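Accompanying notes for the structure given below.
Given below as C-alpha cells:
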C-alpha cells in the first residue's frame, strides 16, 4: 500500500519539485545522496502521509482498482425502465474525503451524494427507477453506464 501511495504521490508532486529547488546545494560528488537531499525527501514523504484527505482519496481509488483490464465500453443510452446490473468484477466503495462523499469505482473517484453511494454499493441489481438521480449524481451514473460498469441484460 505504501509503495502504491508513494508512486501515485510522486507522479503528481515529487517529480515536479525535483528540479525546482533553487536553494539546493550542489554536491561535490555527483553520485552522492546528501543528508540534506535525504532529509528533504523524508519530509516530503511524511508530509504526504499526514495529508489525510489525499490519503483517503488515494486509498479508495487503490482498493477499487480492477484486477483485470477493463472491457471496451458499449455506447448505448442509459435506460429509464427495466433492470440494471452492476459488474461484479469491479469493486465499488465510498467514503468521505474533505467533507464530500466520494464513490470509488475501479480505481477512480467520483464526487456524489451519500444516497447515490449507498444505493450503488448496497446491491448488484437495480430497477432503473432506483437510479433516477439528478445533477452530479446523474453524471456519475452516466459515467458508470458508459464504462459498462452498469449494464442492462
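Numbering (this note's numbering), first residue to last: 1 to 153.
Quick reminder that beta carbons are idealized off the backbone N, C-alpha and C, glycines included.
This structure is a prediction, so every number in the text was calculated from the model and none was measured.
Alpha helix (DSSP H) segment containing residue i, residue limits
i, result
"residue 99", "Element bounds for residue 99: n/a, residue is neither H nor E."
"residue 117", "114-122"
Contacting residues, own chain, Cβ-Cβ under 8 Å from residue i (five flanking each side not counted)
i, result
"residue 109", "57, 60, 61, 97, 102 and 103"
"residue 89", "66, 67 and 68"
"residue 139", "none"
Residue span of the beta strand (DSSP E) that contains residue i, given as start and end
i, result
"residue 84", "83-86"
"residue 109", "108-111"
Chain-order list of residues whose beta-carbon lies under 7 Å from that of residue i (same chain, five-residue window excluded)
i, result
"residue 117", "94, 101 and 103"
"residue 136", "111 and 112"
"residue 37", "none"
"residue 133", "116 and 141"
"residue 124", "85, 86 and 88"
Per DSSP, cross-strand counterpart(s) of residue i
i, result
"residue 131", "BP columns for residue 131 are empty, so no partner."
"residue 140", "Per DSSP, none; premise fails for residue 140."
"residue 105", "92 and 108"
Close Cβ partners of residue i (< 6 Å) along its chain, the five nearest in sequence each way excluded
i, result
"residue 79", "128 and 152"
"residue 114", "101"
"residue 45", "none"
"residue 145", "78"
"residue 35", "none"
"residue 4", "62"
Residue i: CB within 7 Å of a non-hydrogen atom of the ligand PLP
i, result
"residue 89", "Although the ligand PLP was asked about, the structure shown includes no ligands whatsoever."
Whole-angstrom C-beta distance between residue j and residue i, which should lie under 8 Å
i, j, result
"residue 40", "residue 64", "About 33 Å separates the two Cβ atoms, so there is no contact after all."
"residue 106", "residue 149", "7 Å"
"residue 119", "residue 130", "6 Å"
Ordered list of alpha helix (DSSP H) runs contained in the stretch 42-68, each at least 4 residues
Correct list: 52-63.
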